[in-house]
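Here is the structure we will look at.
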Amino acid sequence: VAAPLRDAGVEVKPYEACEADMRGAAANGARLWVDPDKVSASLVAAAEEAAAAGLLVGSDPAEPRAGKAAKKNEDTSAPEAAAAAAAAAPAAKTIKEGVSPIPMAKAIKNPTELAGMLEAHLRDGVAMASFWCWLDRAVAAGEVHDEYAIGEKVSAFRAAQAGFNEESFATIAGEGPHGAIIHYRASKAGARTVHADSMFLCDSGGQYDCGTTDVTRTHHFGTPTAFQREAYTRVLRGHIALSLVVFPAETTGFVLDAFARQYLWEAGLDYRHGTGHGVGAALNVHEGPQSISPRFGNPTGLRPGMVLSNEPGYYKDGGFGIRIENLQFIVEADTPYRFGDKPFLKFEVLTHIPIQKKLIDFTMLTAVEVRWLNEYHQAVWDKVSPRVQDDEVKAWLKEATKPVEVRTVVVV
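Using the working numbering, the first residue of the sequence shown is number 1, and each one after it goes up by one.
Next comes the structure, spelled out in C-alpha cells:
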C-alpha cells in the first residue's frame, strides 16, 4: 500500500506524529472534528491543551497563535483576565464531536462507481469460471493440488483479467475441516490436498481498476453426504431469502440478519459470523458503516447505493465448511404501496459466478427459490459467457448455469 501512495505523492507519517500534528493544528486555531469512539482520549487532551496554551496570548480562540502575538493595540492591562478567559474557553471551540461524514459518502456509491463495480464482477466471473473449470478437471483427472497451491492459482486467474491490481484479501481455500475455520489461511507446511471426496470452500476477491470483489463458493468433488446437502441447501435458502427481501428505507442490517439464518435456525443450526459487510468501490473489501449482523449495536440505516455481502454459512467443527457469498447493492423497489410515504428497498446482485447444484437437495426448495436460482444462472451465462475465450471454460460455464426443472407431484 505504501508504494502506490508514495508514487501518488501521498506521505504516510508514523502514527506517533499524530499527536504533534493535532497539537499544532489546535494551537493555530483549527477546529478538529473527532469521533470519540475512534479517536483516543489522549489525542483529544493534547489538542485541548495546545489550544488553551495558544489562547493565553489573546482572547479570540479562532485567531491563529501567531496573529494573536502580533495583534496591535491589545489590552494587556489585565493578564489575569486573559488567562482566565483562556482557561474557560469551552472545549467545543477546539473539538467538534461527531461521526465523520466520509464513511457514509464512501458507502453510498454513485452510478459511475456502481457501473465500475459491476464491470469488476463480470471480469471476476471470467476469472472464477476459469478457476473452477480448471479445478474440476484437475481433480477428476487425479491431479494432486493442495490448498496453498490452489490459492496461488486463484490469484493467477484473476491476474489474467484486464485492470487487475491485486487480491482484495488473502484467499481462504479450505478443504474438509479447514473449511470449517472461518478465517483460515493455508500455509505451505500445513495445507491439505484436495481430492475426489473433498468438500472445498474458497473465499477470495480481487482489486480491479474499476471495483472490488469478494465471493465465496463451496464445491464437492465427489458424492456429498445427505447432511452436507441438507446444510448446504439451508444455507442457500437463507442466501436467496436475503437476496429477495424488500424492506423500508433506513432499516438497519440487524433487522435483515434473521432472513439469512431462518432455515438454519429451524433445524437448530447457525453460524458464528455476520451475514453481510459493506464493500468499497476499488477500496477496502470490508467497509462500514453498514452491515448485516446479529449485533444490534450498529444503528446505520440501509440506503440506495450501498454495497453489502450476502454470506450465510454453516461450519461443522472438524468436518467441513459451507459459505455462499455474493455482493449486492441496494436500489429502490417498485412496490404497489408506499406506507407512510416511505420508499422501500431491495438488493440487486453484483457477483456472477455459478452456485454448485450438486450440493443442493432440490426437494427442500420452493418454486420461488428454484426460479431465483435459474434466473441467477441465466444472468451469469448471459453476462459472463460472451467474455470467455476458452472453449473448455465456456462449456463448463454452460453446464454450471444450465437451468434445473423440479416437478411437483400432488397426491390427492
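Glycine included, each C-beta is placed from N, C-alpha and C at the ideal position. Since the model is a prediction, treat every value here as computed from it, not as a measurement.
- Nearest-angstrom Cα separation, counted from R261 out to L236: 10 angstroms
- Message: Our contact map puts E167 next to G211 with C-beta atoms below 8 angstroms; I'd like the distance itself, whole angstroms only.
- Response: Wrong, their Cβ atoms sit about 14 angstroms apart, outside the cutoff.
- Message: Let's see if you can read the secondary structure: which residues bound the alpha helix (DSSP H) around V349?
- Response: No alpha helix (DSSP H) contains V349, which is instead part of the beta strand (DSSP E) from F344 to V349.
- Starting from the N-terminal side, write out each stretch of the beta strand (DSSP E) that is 3 residues or longer and does not extend beyond the region 338-398. 344-349
- Task: Please go through the same chain and pick out, in chain order, the residues whose beta-carbon is closer than 6 angstroms to the beta-carbon of E113, but skip the five residues on each side of it.
- Result: A281
- Task: Confirm the yes/no value for this check: CB of M364, any heavy atom of the ligand SAH, distance under 8 angstroms.
- Result: Ligands are entirely absent from the displayed structure, and the ligand SAH is therefore not among its contents.
- S243 to M117 span [Cα, whole Å]: 18 angstroms
- Delimiting residues of the alpha helix (DSSP H) encompassing V139: P111 to A140
- Output the distance between the C-alpha atoms of T458 and R137, rounded to the nearest integer angstrom. Any answer about residue 458 is impossible in this case: the structure gives the chain only from 1 up to 412.
- Task: Tell me, please, which residues DSSP counts as bridged to R217.
- Result: C202
- Beta-bridge partners of S291, as assigned by DSSP: H277
- Measuring CB to CB, does E230 end up less than 9 angstroms from A267? yes
- Message: Could you compute how far the alpha carbon of E348 sits from the alpha carbon of V331?
- Response: 7 angstroms
- Message: Run through the DSSP bridge pairs and tell me what H145 is partnered with.
- Response: V194
- Straight-line CA distance for A395 to A149? 25 angstroms
- Message: For a test of the three-state rule: what should DSSP assign to A400, helix, strand or coil?
- Response: helix
- Determine the DSSP secondary structure at K38, reduced to helix, strand or coil. coil
- Item | For L43 and M364, the rounded distance between their alpha carbons | 56 angstroms
- Proximity winner among A180, A196 and V10, relative to A140 (alpha-carbon distances): A196
- Item | Nearest neighbour of A159, chosen from A173, D124 and G24 [CA to CA] | D124
- Message: For a test of the three-state rule: what should DSSP assign to E266, helix, strand or coil?
- Response: coil
- Query: For the candidate residues L373, K357, W132 and A367, whose alpha-carbon lies nearest to that of R407?
  - Reply: A367
- Please report how far the alpha carbon of G274 lies from the alpha carbon of K398, in whole angstroms. 33 angstroms
- Round the Cβ separation of Y232 and L359 to the nearest angstrom and send it over; I've been treating them as touching at under 8 angstroms. 4 angstroms
- Item | DSSP beta-bridge partners of G174 | L201
- Message: Within 10 Å of its beta-carbon, does Y337 have 16 or more other beta-carbons around it, so buried, or fewer, so exposed?
- Response: exposed
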